[in-house]
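Asker: For the sequence shown, the UniProt record's numbering assigns the number 1 to the initial residue and increments by one for each residue that follows.
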Amino acid sequence: MIHLLKEVGRGKRGARDLTYEEALQAAASILGAEATPAQIGAFFIAERIKMESVEELEAFVKVSREYADRSFLHEGIDCAGPYDGRKSSFFSTLATAFVLAAADLPVTLHGTPSLPPKWGITLSDILAAKGITGPALAKDACIRAAKRTGVLYVDAEEWCPPLKHLRPIREELGMRTVLNTAEKFVDYSHSPYITFGVYHNTVFDRLSRLIMKLDYRKAIIIQGSEGSDELFIHRPTRTYRIENGKASLQIIDPEAYGLDVPVPEIGWTPSEQADATAEVLLGKGDLAFIYQVLLNGAVRLQLADKVRSVEEGIYTCKALLDSRRPWELYSNWLSLLIESTANGDAVSPMVRHASQ
C-alpha cells in the first residue's frame, strides 16, 4: 500500500492516476482490511485532492462487488441516490419505487445510516421512523418482501460488509471519498438500468465513461436535488443519458409537461418524510410532491422501455396512483418487513396506521 500512496499522494502536480491493476491492489487492500487505518485515510484524502480516475473508480466498484452479496432477484432498475442523505428536499424515490413496481418495473433501493459530508436523512432513517430496523432489514426479510412487491431495499453495510468496517474512518474524515461513488454502483440485483445522482455536472463525462465500462443496458445520470437521482419539479434538471455506448446531455424541464410548481420549504424529519410518502401514494400529498413522483416515475419507465415517451409515462403513473395499487404495494411491503422481526411482535402502531 505504501508504494501506491507515494504515487497518489505527491500533491496536485506530482500525483498521478493509478493504473487499473494498481487501483485493484489499492481497493483490495482497503476493502480487505489489509491496509492500516492511517494508510486508508491517507489514500482517501490523496484521491480526493487528485480526483479519482475512471480506472480507479472501476477498480473500487469491481472489488466492492466481489465482497457484496449480489442476487439475481429481479431484472429492473437500480435507484442510486446519495448515501449521505437529504436535508431540504422530499425523498421522492421511495414513493416512486412503488409506482414503478405497480407498472411491472422492479426496483432496487439501497443505502445506509447517514454518512459525511452531508449527514442528511437517509432511506434507513425513514424506514426507522416506520418501526423498521434491525431484523426487519435482514437480507432474507428484504428479499421476501421484494418477491411479493417488486421493491428490494438493501442495507448496504450488511450486504457489503467492508462498507461497515470502513464507516469509522469515513466518519472521522468527514468528507467524500472514492467510496461515495463506488458504493452506489455495487448493483445488488444485477439491474440492467440505473439512475445515478450527482452534485456537479463536471463529473458527467467521467461517470458516463465509467457506466459504459460497467455494462448497464441503459443509464441516466441526474444532477438532482441535493445530489440525488431525482429530477427537480420547480426548474429544469441536467441529465446525461447513456445507451448503446454513447452519452448525451438532456435537459428535462417540468414546464414542458405542465408539472412545474413551487416546492414548499420544509425542515424535514424522518417521520415527515415517511408521512409525505404515504400521502403521495394516497393521492393526498402536496401537489409538488405528487408531480415529482409522476415525473421521476415517467422518466424511469421510459428509460426501461416500459413506455414510449415521458408524456406516456406521466399518464401511466397518474393512472397507477389513482388506482391505489402503489399504495397497496407499499403497505404490504411495510407489513412484510415488520413481520420479519425475530421476536414475532405484532405490527407496530405506525405501520398499522400506514396500512389502514
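All C-beta atoms in this analysis are idealised placements derived from N, C-alpha and C, irrespective of residue type, glycine included.
Below 7 Å CB to CB, which residues in the same chain sit around H3 once its five sequence neighbours on both sides are set aside?
Answerer: No residues qualify anywhere along the chain.
Asker: Less than 8 Å separating the beta-carbons of V280 and A68?
Answerer: It is not a contact, given that the beta carbons lie outside the stated cut-off.
Asker: Measure the Cβ-Cβ separation of A132 and L287 and say whether it is below 8 Å.
Answerer: The sequence given here places Ile at residue 132; Ala does not occur at that position. No, the Cβ-Cβ distance between I132 and L287 is not below 8 Å.
Asker: Is it true that the stretch 300-315 meets the stretch 75-84, where meeting means three or more beta-carbon pairs spaced less than 8 Å apart?
Answerer: A contact exists between the stretch 300-315 and the stretch 75-84.
Asker: Buried or exposed: where does E58 fall if 16 or more other Cβ atoms within 10 Å of its Cβ makes it buried?
Answerer: Answer is buried; the Cβ neighbour count reaches 16.
Asker: For L109 versus T93, is the C-beta spacing smaller than 8 Å?
Answerer: Result yes, Cβ atoms of L109 and T93 sit closer than 8 Å.
Asker: Does the count of Cβ pairs from the stretch 223-242 and the stretch 189-207 closer than 8 Å reach three?
Answerer: Judged by Cβ distances under 8 Å, the stretch 223-242 makes contact with the stretch 189-207, as three or more pairs qualify.
Asker: Under three-state DSSP, which class holds F196?
Answerer: If DSSP states are grouped into helix, strand and coil, F196 belongs with the strands.
Asker: Give, in chain order, every unbroken run of the beta strand (DSSP E) that is at least 3 residues long and sits entirely within the stretch 109-163.
Answerer: Entirely contained in the stretch 109-163, the beta strand (DSSP E) runs reaching 3 residues are, in chain order, 151-155.
Asker: Specify whether the stretch 269-277 and the stretch 203-220 touch according to this definition: at least 3 beta carbon pairs, one from each stretch, less than 8 Å apart.
Answerer: With a cut-off of 8 Å, the stretch 203-220 and the stretch 269-277 do not count as touching, because too few Cβ pairs lie within range.
Asker: Which partner residues does V107 have in the DSSP bridge list?
Answerer: Its beta-bridge partners are I77 and V151.
Asker: In whole angstroms, what separates the C-alpha of I45 from that of V63?
Answerer: Straight-line Cα distance between these residues: approximately 20 Å.
Asker: Look up E243 in the DSSP assignment and say whether it is helix, strand or coil.
Answerer: Here E243 sits in strand by DSSP.
Asker: In angstroms with no decimal places, state the Cα-to-Cα distance between P117 and D84.
Answerer: Distance between the alpha carbons of P117 and D84: 7 Å.
Asker: Got a sec, what are the start and stop residues for the alpha helix (DSSP H) I49 sits in?
Answerer: Unbroken alpha helix (DSSP H) run through I49: P37 to K50.
Asker: Spatial neighbours of T277 within its chain, please: CB distance less than 6 Å, with the 5 preceding and 5 following residues excluded, ordered by chain position.
Answerer: L94 and A95.
Asker: Can you tell me where the alpha helix (DSSP H) holding I220 begins and where it ends?
Answerer: Not the alpha helix (DSSP H): I220 falls in the beta strand (DSSP E), residues K218 to I222.
Asker: Applying the criterion that 16 or more other CB atoms from any shown protein chain within 10 Å of the CB defines a buried residue, is G344 buried or exposed?
Answerer: Note that G344 scores a pLDDT of 48, beneath 50, so its modelled location is shaky and nothing firm can be said.
Asker: Counting only the same chain and skipping the five closest in sequence on each side, list residues whose C-beta sits under 8 Å from that of H353.
Answerer: Any answer about H353 is weak, because its pLDDT of 40 lies below 50 and its placement is not dependable; what the coordinates show is given next. Nothing meets the Cβ criterion.
Asker: Per DSSP, which residues does R86 bridge with? Please list them.
Answerer: According to DSSP, which records beta bridges pairwise, R86 is partnered with I121.
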